[in-house]
Amino acid sequence: MGQQLGWGRRYLMVRPDHFRIDYVINPYMSTQDQPDPELAMRQWSSLRLAIIDAGGEVEVLDQRPDSPDMVYAMNLGLATAPTEEAPGGRAMLSHMRFEPRRKESLTAAAWFTGHGFALDRTGGEGVGPHFESGDAFFFGDSLVVGYGPRTEEDALKHLATGWNIRVRGLRITHEGMYHLDLPFCPIDSTHALVYPPALDAASQAELFGIVPDPIVLTDEEAFAFSGNSVVVNDTVIMPACSTRLHDILTGLGLRVVVLDLSEFHKGGGSVRCMTNPLDFDLAAASVVGGEVVLPS
Ligand SMILES: NC(=[NH2+])NCCC[C@H](N)C(=O)O
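Each number in our numbering comes from the position in the sequence shown (counting from 1) with 796 added on.
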């Protein structure tokens, strides 16, 4: 098995005090199917506790009443562990594709700054490309970024040159897999859960070049949000796990914790969407001047 990931021990979560489905911006959402607030709060607490139980840390941010999707904290920005130039870490703020989510960035900017992160952005209202951090993961020697439905291709350049890192883009073509954190989940330094049908043909080939030991999800696993999981030390926290997947993961020496997050699936997100790692290792992808590798 590969080595444990160098990140994923410290997370930001947003308490679902104002979680509703007010608008529809992905195929899972319907204003006719509202989350039960008490059940959602219990499910959210079970996730927070599972992360702590696995040895992780959780920072909690209050939800803005005007931002029902803010509970999907993964999209608030891409944050790194401290670096030499940024002793509090860096954060690339999201520039959300859809207007109803843009106010979240105001609160996120204040939170990151208040917690010592040096803040960067790919753009703001009407300026610069959209970037949603649910599309971005450090894996291997690069930052892997999904683009298409949410993040725009131009954002990859900003990330690469802004942070002097290698960025590998994957074009997402499946509307049900609108963020990279749905079809791609790093498990350790060599393994990742992957769902290739989310991507165009060239990006599928690129994906298999990026991941030395891919664990390919079935349609059923992918649409049960199994790819939207997190790994904390030796524990995989998942919203669903087939017997097949369970055998593979425990075979790698991992402990599997399955949580019911039904209420959050109504907004189109699960474990990963609700948790934003604050400790990505920027150095792992560093290259002077930055570099963007697109699928060919
Ligand atoms: N990281 C994620 N995939 N988050 C899910 C976000 C869900 C939210 N309703 C949206 O469409 O933006």
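Beta carbons: idealized from backbone N, C-alpha and C, even for Gly.
CB contact flag (residue i, residue j, <7 Å)
i, j, result
"Leu1045", "Asp1030", "no"
"Leu1013", "Leu989", "yes"
"Asn1024", "Asp1077", "no"
"Gly1086", "Asn960", "yes"
"Gln1000", "Pro1010", "no"
"Gly884", "Phe913", "yes"
"Val1088", "Ala956", "yes"
"Pro925", "Glu948", "yes"
"Ser938", "Arg964", "yes"
"Leu843", "Ala887", "no"
"Arg860", "Thr909", "no"
"Phe933", "Pro982", "yes"
"His823", "Gly972", "Here residue 823 is Pro; the residue named in the question, His, does not match the sequence. In this structure, Gly972 lies closer than 7 Å to Pro823 by Cβ."
"Arg897", "Asp865", "yes"
"Gly922", "His891", "no"
"Leu1048", "Ala875", "no"
"Val1083", "Arg946", "no"
"Pro1093", "Phe1021", "Limits of the chain in this structure are 797 at one end and 1092 at the other, which puts residue 1093 out of reach."
Any non-hydrogen atom of ligand 1 within 6 Å of residue i CB
i, result
"His975", "yes"
"Asn1043", "According to the sequence as given, residue 1043 is Asp; it is not Asn. Outside the cutoff, so no."
"Asp1077", "no"
"Cys1069", "yes"
"Asn1072", "no"
"Met809", "no"
"Gly1064", "yes"
"Asp865", "yes"
"Tyr868", "yes"
"Ile821", "yes"
"Asn1029", "no"
"Gly960", "Reading off the sequence shown, one finds Asn at residue 960, where the question assumed Gly. No - ligand 1 has no heavy atom lying nearer than 6 Å to the Cβ of Asn960."
Three-state secondary structure assigned by DSSP to residue i
i, result
"Thr1031", "strand"
"His987", "strand"
"Phe1021", "coil"
"Met809", "strand"
"Gly965", "strand"
"Phe894", "coil"
"Val1026", "strand"
"Thr1039", "helix"
"Pro925", "coil"
"Pro1091", "coil"
"Ala932", "strand"
"Arg886", "strand"
"Ala850", "coil"
"Arg838", "helix"
"Glu855", "strand"
"Asp1056", "coil"
"Ala875", "strand"
Whole-number beta carbon distance between residue j and residue i, since they are thought to touch under 8 Å
i, j, result
"Ser929", "Lys899", "The pair is not a contact, with the Cβ atoms about 16 Å apart (cut-off 8 Å)."
"Ala869", "Met809", "5 Å"
"Pro831", "Glu1017", "Not confirmed; about 23 Å, so no contact."
"Val1052", "His1042", "6 Å"
"Pro812", "Val867", "4 Å"
"Thr969", "Asp996", "5 Å"
"Leu1055", "Ala846", "6 Å"
Selection from the options that minimises the alpha carbon distance to residue i
i, options, result
"Tyr974", "Gly910, Ser901, Gly1063, Arg838", "Gly1063"
"Phe1004", "Pro1091, Glu949, Leu955, Arg946", "Pro1091"
"Ser1066", "His814, Pro861, Gln799, Asn871", "Asn871"
"His954", "Asp996, Arg917, Arg1068", "Arg917"
"Gly936", "Asn1072, Tyr819, Thr1071, Trp803", "Trp803"
"Ile741", "Gln839, Leu915, Arg806, Arg811", "What is shown of the chain runs 797 to 1092, which leaves residue 741 out entirely."
"Asp931", "Gly944, Thr827, Met837", "Gly944"
"Leu1057", "Met837, Ile817, His814", "Met837"
"Leu801", "His987, Leu835, His911, Cys1037", "His987"
"Val1032", "Gly852, Asp829, Ala1080", "Gly852"
Residue i beta carbon near ligand 3 (any heavy atom closer than 6 Å)
i, result
"Gly930", "What this structure holds is ligand 1, not ligand 3."
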